[in-house]
Amino acid sequence: MEYRVLGKTGLSVSRLGFGGIPIQKIDAEGTKTLLHHLADMGVNYIDTARGYTVSEEYIGYAIEDCRDRFILATKSMARDYAGMARDIEISLKNLRTDYIDLYQIHNPSLKQLEEVLAPGGALEALTEAKAAGKIGHIGLTAHSTEVFARALELGFVETVMFPYNPVETQGEELIARCAERNVGFIAMKPLAGGAIEDATLALRFCGANPGVTVVIPGMAEIREAEENARALSDTTPLTEAEQGKVNALVTDLGTHFCRRCNYCAPCTVGINISGVFLFEGYLTRYGLEDWARARYEAAVPVPASACVECGVCESRCPYHLPIRQMLKAAAQKFGK
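Put into structure tokens, the structure is as follows:
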């Protein structure tokens with residue numbers, strides 16, 4: 003297993019990390035078996051979140067007897083001091099530990115990020131918890147390049163997590179900037195939320211970028227873990243044939259795959275367009291129907307069915323996606 007230093011945190015992390023979303027589909031004992039196997043493979047980085055229902059609890063149970071073998075990262079969508087302070091305590095309890103290595107601000111918009119930074123914001127709780135020894139480092143996760151760029155201007159940000167895979171390369175310039183600023187880069191959604199079936203190709207692609215510190219595919223089975231480890235251990239350059247497959251993926255998925263760049267916004271009727279497509283991916287590709295529907299209800303107050311087909315969003319989309327058709331399809335899947 004290859005290890006790299008996670009930016010200014012100084013933490014030595016395995017190039018392959020564990021993404022904790024899919025374990026919501028299994029159980030605590032299955033999670034324990036999987037994580038113990040990962041530890042034996044040399045995987046030492048675990049990513050989870052307050053919003054992943056039972057994920058923190060399953061992980062806490064699974065590693066209680068081997069906590070020192072892992073670097074724990076979780077995250078919260080709280081934006082104010084009280085909410086973040088509460089979530090940190092819940093995470094500590096769920097993970098059955100007195101110390102979390104990396105606590106992240108989970109996917110804020112630019113406006114929400116300013117709330118985090120303002121007096122009485124979530125950053126105060128994170129800074130306080132860090133001083134108290136409850137968390138070691140502070141990071142941020144994002145889905146938009148605007149938030150990613152803003153994060154790199156903030157001195158307290160030690161890591162950034164952002165989607166990166168063959169069809170979502172909009173962050174490549176910012177990934178390179180992470181390396182220049184000694185900010186650890188965590189590649190999430192390396193399989194484009196399950197849209198890319200060839201996991202080996204996707205992980206080889208991510209691993210070929212020297213700016214990527216750790217890649218965190220979601221895993222629920224030992225077989226997946228072993229396949230992913232083999233893919234990332236192969237550090238040879240992509241072959242001509244592999245590059246051809248990457249190009250084919252971009253051509254195939256690129257015509258109907260949302261990169262969540264948000265250039266389509268604002269919607270004339272207030273639909274969170276990229277949010278719709280994000281949760282649709284969880285619904286159709288992750289097999290997490292109940293969770294996806296709950297997130298859709300919470301984060302998309304104006305449903306996809308409210309689209310009036312004005313077409314303004316499509317005129318702004320740099321990838322020329324048929325957004326109106328895609329919203330119709332999502333509305334049918336979610337029933338609203």
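Numbering (the numbering used here), first residue to last: 3 to 338.
We treat Cβ as the ideally placed atom computed from N, Cα and C, and that holds for glycine.
Which one of the options has the shortest CA to CA distance from residue i?
i, options, result
"GLU130", "GLY12, ALA87, HIS39", "ALA87"
"LYS10", "PHE187, PRO324, VAL304, ILE23", "PHE187"
"VAL185", "LEU156, GLN172, LEU193", "LEU156"
"ILE48", "THR147, PRO192, ILE218, LEU323", "ILE218"
"HIS38", "GLU148, GLY12, GLY141, ALA227", "ALA227"
"GLY21", "LYS95, VAL216, ILE275", "VAL216"
"ARG183", "GLY213, GLU91, THR257", "GLY213"
Could you spell out the range, first to last residue, of the alpha helix (DSSP H) harbouring residue i?
i, result
"MET339", "Lying outside 3 to 338, the shown extent of the chain, residue 339 is not represented and no answer is given."
"LEU205", "201-209"
"TYR63", "57-65"
"VAL248", "242-255"
"PHE259", "Premise fails: PHE259 is in no alpha helix (DSSP H) and is neither H nor E."
"PHE150", "147-153"
"GLY85", "83-96"
Which first and last residues belong to the beta strand (DSSP E) in which residue i is found?
i, result
"GLN106", "102-107"
"LEU142", "137-143"
"LYS77", "73-78"
"GLY32", "From DSSP, GLY32 is part of no beta strand (DSSP E) but of the alpha helix (DSSP H) over 30-43."
Once you ignore the five residues that flank residue i on each side, which residues in its own chain have a CB closer than 7 angstroms to its CB?
i, result
"ASP236", "ARG206"
"ALA210", "PRO239, LEU240"
Excluding sequence positions up to five away, which residues of its chain have a Cβ less than 8 angstroms from the Cβ of residue i?
i, result
"LYS338", "PRO305, ALA306, SER307"
"ALA84", "ALA127"
"LEU255", "VAL169, ALA194, ALA197, ILE198"
"ALA301", "ASN274, GLY277, PHE281"
If you drop the 5 nearest sequence neighbours on each side, which residues of the same chain put their C-beta closer than 6 angstroms to that of residue i?
i, result
"CYS263", "GLN172"
"THR270", "CYS312, VAL314"
"LEU234", "ARG17, LEU18, LEU205, GLY209"
"ARG81", "GLN114, GLU117, VAL118, ALA124"
Q: Mind the definition here: the region 60-80 touches the region 93-112 only if three or more C-beta pairs lie below 8 angstroms; say whether that holds.
A: Yes, the region 60-80 touches the region 93-112.
Q) Just checking, does the region 104-114 make contact with the region 136-145 on the three C-beta pairs under 8 angstroms criterion? A) Contact between the region 104-114 and the region 136-145 is present, because at least three Cβ pairs lie under 8 angstroms.
Q | Segment contact, 8 angstroms Cβ cut-off, at least three pairs: the region 160-175 with the region 121-130 | A | Here the region 160-175 does not lie against the region 121-130, with fewer than 3 beta-carbon pairs under 8 angstroms apart.
Q. Any chance the region 246-264 sits against the region 191-202, with 3 or more Cβ pairs inside 8 angstroms?
A. The region 246-264 vs the region 191-202: in contact.
**Q.** Contact the region 30-38 vs the region 54-68: 3+ CB pairs below 8 angstroms
**A.** Below 8 angstroms, enough C-beta pairs join the region 30-38 and the region 54-68 to call them touching: three or more.
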